[in-house]
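Going by the working numbering, the sequence shown opens with residue 8, and the numbers climb by one from there.
Please read the structure below before turning to the comments.
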Amino acid sequence: MLQANGIIWVEGPSDRVYLNKWIQLFSDGKWREGRDYQCAFYGGALLARLGVADPKAEEDFVNLLQINPNLLLVCDGDRTAAKGEGSGLKKRVSTIKQQVESLPNSHIWITKAKEIENYLPGELLADYAQSGQPKDPGQYERFFPAKKSEKGSSYLESQLGLKSIDKMELALETAPKMTKEMMRARFDLEKQITAIIEKIEQWNHEGAE
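What follows is the structure, given as structure tokens:
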């Protein structure tokens, strides 16, 4: 990873599958992981222990700049409403956002949707589950089942009739069926993936000099 042109940090393996597919779609296959950039995992709960500031000032943090100064971070917005309660970012996300935005070779994508699975088109989800209606997940809709008090309110339960799901299996089943036309209708996806592609281009241009 030290020798990679740049690193895209994602929460887990399923996010990597989606991101690689979207980069492929919106760059028309120009950029590829392993050749032009590398993905790495940070784990959502560990986000509070990550940092990109001066490592001497943040000795207790895992400093991503020490691994590679060209970085891009993708994380869930986890917002459940457009305004009012549930509309703000968690403190750990706001902190890392400020740090990343101050760096010249870095970029952060905080999902406009609650989490990355909310970007999946309903037709692919219904096809995967072989049940339910092909209704797209809402921007702030809870995708996965949560507390017992909210039983039945998640997209999986109410639309697909599922109580649980294997994230990686879902990604591997749905990603190959995605098209550019299908995905560009999902919230801010096209805008954000275009920004990511521009950053990858910058990394590779600098690496070729």
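Cβ coordinates follow ideal geometry from the N, Cα and C atoms, glycine included.
Please read all numbers here as calculations on a predicted model, not as lab measurements.
Exercise. Between which two residues does the beta strand (DSSP E) harbouring Ile-14 extend?
Worked result: Residues 14-17.
Problem set entry | Spatially closest choice to Lys-154 from Pro-144, Gln-140, Lys-170, by CA coordinates | Comparing Cα-Cα distances from Lys-154 to each of Pro-144, Gln-140, Lys-170, the minimum goes to Lys-170.
Exercise. If you draw a straight line from the C-alpha of Tyr-44 to the C-alpha of Leu-177, how long is it?
Worked result: Their backbone Cα atoms lie some 24 Å apart in a straight line.
For this session: Given a cut-off of 8 Å, decide if Gly-129 and Pro-144 are closer than it, judged by their beta-carbon atoms.
Result: Taking C-beta atoms as the reference points, Pro-144 and Gly-129 count as a pair closer than 8 Å.
Exercise. Taking Cβ to Cβ, would you say Ile-14 is nearer than 8 Å to Asn-75?
Worked result: Yes; because the gap between Cβ atoms is below 8 Å, this pair is in contact.
Exercise. Thinking just about the alpha-carbon of each residue, which of Lys-97, Leu-110, Ile-172 is nearest to the one in Leu-132?
Worked result: Comparing Cα-Cα distances from Leu-132 to each of Lys-97, Leu-110, Ile-172, the minimum goes to Ile-172.
Problem set entry | Three-state secondary structure assigned by DSSP to Ile-103 | The answer is helix: DSSP assigns Ile-103 an H, G or I state.
Exercise. For the candidate residues Thr-181, Met-185, Gly-19, Asn-12, whose alpha-carbon lies nearest to that of Asn-77?
Worked result: Ranking the options by Cα distance to Asn-77, first place goes to Asn-12.
For this session: Using three-state DSSP, classify Phe-48 as helix, strand or coil.
Result: Looking at Phe-48 - three-state DSSP - the assignment turns out to be strand.
Problem set entry | As assigned by DSSP and simplified to three states, the class of Asn-125 | If DSSP states are grouped into helix, strand and coil, Asn-125 belongs with the helices.
For this session: Pull up the distance between the alpha-carbon of Lys-174 and that of Val-81, whole angstroms please.
Result: Those two C-alpha atoms are separated by around 17 Å.
For this session: Look at the alpha carbon of Thr-126 and the alpha carbon of Glu-213, and state the distance between them as a whole number of angstroms.
Result: The displayed chain sequence assigns Tyr, not Thr, to residue 126. About 32 Å.
Problem set entry | Whole-angstrom distance between Thr-87 and Tyr-147, CA atom to CA atom | Roughly 5 Å between the two C-alpha positions.
Exercise. Is the stretch 18-33 close to the stretch 179-190, with three or more CB pairs under 8 Å?
Worked result: Enough Cβ pairs lie closer than 8 Å, so yes.
For this session: Confirm, please, whether the CB-CB distance from Trp-16 to Leu-72 is below 8 Å.
Result: Taking 8 Å as the cut-off, the beta carbon of Leu-72 is found no closer than this to the beta carbon of Trp-16.
Exercise. Which residues in the same chain have their Cβ closer than 6 Å to the Cβ of Met-189, if we skip the five residues on either side of it in sequence?
Worked result: Exclusion of the five residues before and after Met-189 leaves Pro-128 as the residues of its chain whose Cβ lies within less than 6 Å of its Cβ.
For this session: Would you kindly work out how many angstroms separate the C-alpha atoms of Leu-32 and Ile-207, rounded to a whole number?
Result: If you take the alpha carbons of Leu-32 and Ile-207, they lie about 14 Å apart.
Problem set entry | Three-state secondary structure (DSSP) of Met-189 | In the three-state scheme derived from DSSP, where H, G and I count as helix and E and B as strand, Met-189 is classed as helix.
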